[in-house]
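Comments concern the structure below.
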Amino acid sequence: MMRCRITYRKTAPLRYTGNLDIQKIWERYLRRAGLPVAYSQGFHPQPRIQQACPLPLGFLSQAELADIYLDNDTLRPDDITRSLQAMPYPGIEIAAVEEIDLTEATLAGRVIATEYLAEWIDPLDADQLTSKASALLNAPQLLRSRRDRNYDLRPLIEALEVLPADSSHNAMLRMQLSARQSATGRPEEVVSALGYAPYDARFTRTRIMFTP
291 MMRCRITYRK
301 TAPLRYTGNL
311 DIQKIWERYL
321 RRAGLPVAYS
331 QGFHPQPRIQ
341 QACPLPLGFL
351 SQAELADIYL
361 DNDTLRPDDI
371 TRSLQAMPYP
381 GIEIAAVEEI
391 DLTEATLAGR
401 VIATEYLAEW
411 IDPLDADQLT
421 SKASALLNAP
431 QLLRSRRDRN
441 YDLRPLIEAL
451 EVLPADSSHN
461 AMLRMQLSAR
471 QSATGRPEEV
481 VSALGYAPYD
491 ARFTRTRIMF
501 TP
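Going by this note's numbering, the first residue of the sequence shown is number 291, and it counts up by one from there.
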């Protein structure tokens, strides 16, 4: 058996595809590519495919991660890459494949933070956005409500950076947010706390950070 880590981009065709469906898509994708996926033990064996961190519905990603277990220890990462790229799946772009030690901790258990870009659909005053982001970072607390429970958003925001508009995009906000168990920042909540409607921006995850 071998374990390989696939870095991939989730693009527009899968924007409104949820995490459970993404898991099923990976099952079909690996089958189509002829890769021998390993299954769990028990009465209801499941393909051993582990995603690093759920991606909110409607978000795209430049750096999703999935660990795949294969019933073959002679395949090389290049072989796997070629097999996947030979049978492309709309909305999934393979960026890298590497072999991982079978004993390494799961991705989900090591996630500590995530990075996102929010790009506004319509032109936005970058100076005003910068001023609001600075005020947010200087706030002692940011009380919010989620699922009828109050929480403080401020400690979940690790960094904010405004990227001014240029010829290729409108103003954007880069966010690094905590992604620990029971302490996860949501980018749409940050945009809302800045005084903007989340549906006026498009969100893309650009990085997932882990413990060493």
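By construction, the Cβ of each residue, glycine as well, lies at the ideal position given by its N, Cα and C atoms.
Roughly how many angstroms separate the alpha carbons of A416 and H459, rounded to a whole number?
One-based indexing of the sequence shown puts residue 416 at position 126. One-based indexing of the sequence shown puts residue 459 at position 169. Computed Cα separation, rounded: 12 Å.
Cβ contact (3+ pairs, closer than 8 Å) linking the segment 416-431 and the segment 364-371:
no
Is it the case that the segment 465-474 contacts the segment 324-337, given that we only count it when at least three CB pairs across the two stretches are under 8 Å?
no
Do you know offhand how far F333's Cα is from T393's?
Your numbering for residue 333 matches position 43 in the sequence shown. Your numbering for residue 393 matches position 103 in the sequence shown. For F333 and T393, the distance between alpha carbons rounds to 24 Å.
Under the three-state reduction of DSSP, which class applies to Q431: helix, strand or coil?
As a first step, residue 431 must be located in the sequence shown, where it is residue number 141. Three-state result, Q431: coil.
Would you call P378 buried or exposed, if buried means 16 or more other Cβ atoms sit within 10 Å of its Cβ?
Residue mapping note: residue 378 aligns to position 88 of the sequence shown, counting from 1. It counts as exposed.
When the Cα of N309 is compared with those of L350, W410, P335, which residue comes out closest?
For this step, residue 309 is matched to residue 19 along the sequence shown. Of the listed residues, the one whose Cα sits closest to N309 is L350.
Residue of T297, L397, M499 minimising C-alpha distance to I382:
On the sequence shown, residue 382 is found 92 positions in, with the first residue counted as 1. Looking at the Cα atoms, T297 is the closest of the given residues.
One question on the structure: do I498 and A395 come within less than 8 Å of each other, judged by their Cβ atoms?
Along the sequence shown, read from residue 1 onward, the residue named residue 498 stands at position 208. Along the sequence shown, read from residue 1 onward, the residue named residue 395 stands at position 105. Result no, Cβ atoms of I498 and A395 do not sit closer than 8 Å.
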